[in-house]
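Some notes on the structure that comes next.
In my numbering, the protein residues as written are 188 to 411.
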């Protein structure tokens, strides 16, 4: 299936609320678990950058899993960050998580270097995926863990619709439509390897981890 881009930002408040209220506990807990699996024994301390944080559920779960970290969540959607601020406050993490309304690329990003850079489901939204890799290279500390999780584009539209039925059939129609369009906008592993090679990050690993997710991980110096 050919890639079909989708809008970079989820700016509709109904869309943001549906996304914030959906149950993403399984993939978001898996995000945290896979980070630990990819970087065994890492005891993170200091600032972590979360690119495309959305309503901040991953930011909160990551902060709870790494209590010596502070997080800077960046997103271009005011509607998403409004949901994120509510969640951060509800989980008692306002002292450790700061949310920034910024759209990549931006000169207003929090100053690095960061002890780790993470990102969940941002890459398929970007008009130019190289923006993500340049931002990571500029802001991650030397040898800092970098962990990116995103959707995996299925081989056919039929497979895409089957994934929506399997994983989002109980969600609102607006979320089912978004999931379908996001699957069509996602990348294949070989496309990501090409992006990494062009960015000088071909030491990073690309790995498919489910029927709908893949991860990219590594360190800027190639260690680990």
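Each residue gets a CB set at the ideal place from its N, CA and C atoms; glycine is no exception.
What separation, rounded to the nearest whole angstrom, lies between the Cα atoms of residue 376 and residue 393? 6 Å
Would you say the beta carbon of residue 231 comes nearer than 6 Å to a heavy atom of the ligand SAM? Within the structure as shown, the ligand SAM is missing, as the structure has no ligands at all.
Touch check for the segment 382-389 and the segment 310-320: three-plus C-beta pairs under 8 Å? yes
Between residue 263 and residue 290, which are expected to be in contact by the criterion C-beta below 8 Å, what is the C-beta distance as a whole number of angstroms? 3 Å
Give me the Cα-Cα distance between residue 407 and residue 229, rounded to the nearest whole angstrom. 16 Å
Based on Cα-Cα distance, which residue from 312, 299, 352 lies nearest to residue 239? 312
Going along the chain, which unbroken runs of the beta strand (DSSP E) with 3 or more residues stay wholly within the segment 246-287? 256-262
Any chance you could list the alpha helix (DSSP H) runs of at least 4 consecutive residues sitting entirely within the segment 369-409, in chain order? 376-385
Touching or not, the segment 259-273 and the segment 338-352, by the rule of three or more beta carbon pairs under 8 Å? no
When we look at the beta-carbon of residue 329 and count the other beta-carbons within 10 Å, is it buried (16 or more) or exposed? exposed
Hey, could you find the ends of the beta strand (DSSP E) residue 303 is sitting in? 303-307
From this set, 190, 221, 189, which residue's C-alpha is nearest residue 401's C-alpha? 221
Near residue 193, which residues of its chain fall below 6 Å by C-beta distance, leaving aside the five closest residues on each side in sequence? 368, 372
What does the alpha-carbon distance come out to for the pair residue 354 and residue 331? 33 Å
For the putative contact between residue 249 and residue 261, defined by C-beta atoms under 8 Å, what is the C-beta separation to the nearest angstrom? Contact doesn't hold; Cβ gap of about 14 Å is too wide.
May I ask you to report which of helix, strand or coil DSSP gives residue 214? helix
Just to confirm my understanding: we take residue 348, look at its own chain, exclude 5 residues before and 5 after, and list those with CB closer than 8 Å. What are they? 367
Once the 5 residues before and after residue 306 are set aside, which same chain residues still bring their CB inside 6 Å of it? 238, 239, 335
Tell me which same chain residues have a C-beta within less than 8 Å of the C-beta of residue 231, skipping the five on either side of it? 253, 255, 256, 302, 303, 332
Would residue 399 pass as a contact of residue 350 if the rule is Cβ separation under 7 Å? yes
Is it right to say residue 365 is buried, meaning 16 or more other beta carbons lie within 10 angstroms of its own, or is it exposed? buried
Return the chain-ordered list of same chain residues with a C-beta closer than 8 Å to the C-beta of residue 410, the five sequence neighbours on each side being excluded. Because the pLDDT at residue 410 is just 49, under 50, the model does not fix this residue reliably, and the value given afterwards should be weighed accordingly. So the qualifying residues of the chain are 330.
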